[in-house]
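What follows is one structure encoded as structure tokens, with my remarks underneath.
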Amino acid sequence: MPTYELSNQVAIVSGAGQGMGRAIAHRLADEGASVVAADINLESAGRVAAEIEAQGGAALALEVDVTSRTETDRMVNDCTDRFGRLDIMVNNAGVLAVTPILELDDNAWDWQMNVNAKGVLYCSQAAARRMIDQGEGGRIITIASTAGKIPAGKDAPIAGYVASKHAAVGLTKQMALELARYDILVNCVFPGIVESEMLDFMHAEIARRESTPQEEVRERARESVPLGYFQSPQKVANMVAFLCSTDADYSVGSVFDVTGGAFPYY
Ligand SMILES: NC(=O)c1ccc[n+]([C@@H]2O[C@H](COP(=O)([O-])OP(=O)(O)OC[C@H]3O[C@@H](n4cnc5c(N)ncnc54)[C@H](O)[C@@H]3O)[C@@H](O)[C@H]2O)c1
52 MPTYELSNQV AIVSGAGQGM GRAIAHRLAD EGASVVAADI NLESAGRVAA
102 EIEAQGGAAL ALEVDVTSRT ETDRMVNDCT DRFGRLDIMV NNAGVLAVTP
152 ILELDDNAWD WQMNVNAKGV LYCSQAAARR MIDQGEGGRI ITIASTAGKI
202 PAGKDAPIAG YVASKHAAVG LTKQMALELA RYDILVNCVF PGIVESEMLD
252 FMHAEIARRE STPQEEVRER ARESVPLGYF QSPQKVANMV AFLCSTDADY
302 SVGSVFDVTG GAFPYY
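83 is the number that my numbering gives to position 32 of the sequence shown; each next residue is one higher, with no gaps.
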């Protein structure tokens, strides 16, 4: 049973091939939205679109690199060619490199800034232009990170990621104020520590660099969560579904923590 009424809505989810993007794509489809699963990895996006269609939903898989303006513009065109409109843009695609500050080179810096910050700009601009043409408002949601408001700490050397997520959050907040006049409601979601390939990769890298068993690194992180366990991608998808609904029609430029109490008071 859907919780929210999104059946006439069309959504694009970037980075929809796995993890949180996949969970968000599924949740919006469960709520009745038609969903474009956009990912740099077409195979995984195709799998997610096929899963949604197998459950009776409407989905389209697109190969999109969010760091390319040509590709993000094409993404919106392909979406409207197929579904006739666009109502929701979820900026979820993200990447992370584990690099202590003195090893943070141009490649790692540019990669994270391009995907995590510039990708949000390109997708949001393309989506907002379409929403403004339609004249019926819309929703833009950026999946940021608690690393977008506070540093990750001395034992988590991810400065490039922290910088890129701070940029994404600032950009999203400013966009929210400029786009509100079109009834395009823009907000951020801050996941905490989510069970995902990204998390496993980060813990493996930190463990390797510290010569500590990965399980110990994982346990240290788990202990930092007051609820006592890592969240599933579904928890983030639930918040996104709420933010796409009419129940959230007065939230603008806000940040919504889904962290189990981790990193509070900021
Ligand atoms: N995993 C966590 O603990 C965590 C915590 C806070 C925030 N986040 C953020 O949540 C979002 C989703 O994270 P996840 O854990 O599901 O990540 P993930 O690595 O499992 O999935 C990311 C997806 O983005 C896609 N992608 C990467 N580069 C792309 C590009 N240039 N263009 C299009 N797609 C691209 C990948 O192919 C992949 O499908 C990211 O923005 C991440 O930074 C993750």
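Heads up, the beta-carbon is just placed ideally off N, CA and C, and yes, glycines get one too.
Might you give, ordered along the chain, the residues of its own chain that have their beta carbon closer than 6 Å to the beta carbon of residue i, omitting 5 neighbours on each side?
{"i": "residue 85", "result": "61, 109 and 134"}
{"i": "residue 145", "result": "167"}
Going by DSSP in three states, residue i sits in which element: helix, strand or coil?
{"i": "residue 318", "result": "Since the first residue shown for the chain is 52 and the last is 317, residue 318 is missing from the structure and cannot be characterised."}
{"i": "residue 307", "result": "strand"}
{"i": "residue 165", "result": "helix"}
{"i": "residue 99", "result": "helix"}
{"i": "residue 91", "result": "coil"}
{"i": "residue 112", "result": "strand"}
{"i": "residue 71", "result": "helix"}
What do you reckon, is the C-beta of residue i under 8 Å from a heavy atom of ligand 1?
{"i": "residue 216", "result": "yes"}
{"i": "residue 292", "result": "no"}
{"i": "residue 248", "result": "yes"}
{"i": "residue 63", "result": "no"}
{"i": "residue 222", "result": "no"}
{"i": "residue 71", "result": "yes"}
{"i": "residue 289", "result": "no"}
{"i": "residue 314", "result": "no"}
{"i": "residue 91", "result": "yes"}
{"i": "residue 208", "result": "no"}
{"i": "residue 242", "result": "yes"}
In chain order, what residues of the same chain lie with their CB nearer than 8 Å to the CB of residue i, ignoring the 5 residues before and after it?
{"i": "residue 246", "result": "281, 282, 283 and 284"}
{"i": "residue 291", "result": "75, 78, 79, 141, 192, 194 and 240"}
{"i": "residue 127", "result": "63, 137, 177, 178, 180 and 181"}
{"i": "residue 263", "result": "257"}
For residue i, I'd like the list of residues in its chain whose CB is within less than 7 Å of its CB, leaving aside the five on either flank, ordered along the chain.
{"i": "residue 211", "result": "148, 150, 155, 159, 160 and 163"}
Is it the case that the CB of residue i approaches a heavy atom of ligand 2 more closely than 8 Å?
{"i": "residue 103", "result": "This structure lacks ligand 2; the ligands present are ligand 1."}
Can you check which of these residues, the options, is closest to residue i by C-alpha distance?
{"i": "residue 318", "options": "68, 82, 102 and 104", "result": "The structure shown has nothing for residue 318, since the chain only spans 52 to 317."}
**Q.** 3-residue-minimum beta strand (DSSP E) runs that sit fully inside the stretch 217-287, ordered along the chain
**A.** Whole beta strand (DSSP E) segments, 3+ residues: 235-242.
Q.
If we require 3 or more residues per run, which beta strand (DSSP E) segments fall completely within the stretch 180-209?
A. The beta strand (DSSP E) runs of length 3 or more contained entirely in the stretch 180-209 are, from start to end of the chain, 189-194.
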